[in-house]
Every structure is written in C-alpha cells, then in structure tokens.
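First the structure, in the form of structure tokens, and then the observations on it.
Shown next, in the form of structure tokens:
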C-alpha cells in the first residue's frame with residue numbers, strides 16, 4: 032500500500048488533468064497493491 036506522501040504526489044499530478052472530469056471506468060493494473 033502506498034504511503035500518504037506518494038498518494039498526495041499522484042493526486043497533485045492528476046488534479047490539473049482530471050479536475051471537473053467524470054470517470055466512466057477505472058482499470059486496476061496491479062490489484063495486488065490493494066490487497067496484500
């Protein structure tokens with residue numbers, strides 16, 4: 032599981048691109064990252 036600073040870095044990188052957008056689907060490339 033990623034640490035909070037890593038998640039915040041990703042969030043800040045995606046915010047300018049995704050702000051106001053509506054996601055229709057999400058693909059998990061590494062489902063094992065969610066459930067060890």
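Numbering (the working numbering), first residue to last: 32 to 67. A virtual CB, placed ideally from N, CA and C, is assigned to each residue, including glycine.
Residue 57 carries a coil assignment under DSSP once its states are collapsed to helix, strand and coil. DSSP places residue 44 inside the alpha helix (DSSP H), whose first and last residues are 35–49. In this structure, the CA atom of residue 48 is about 22 Å from the CA atom of residue 61.
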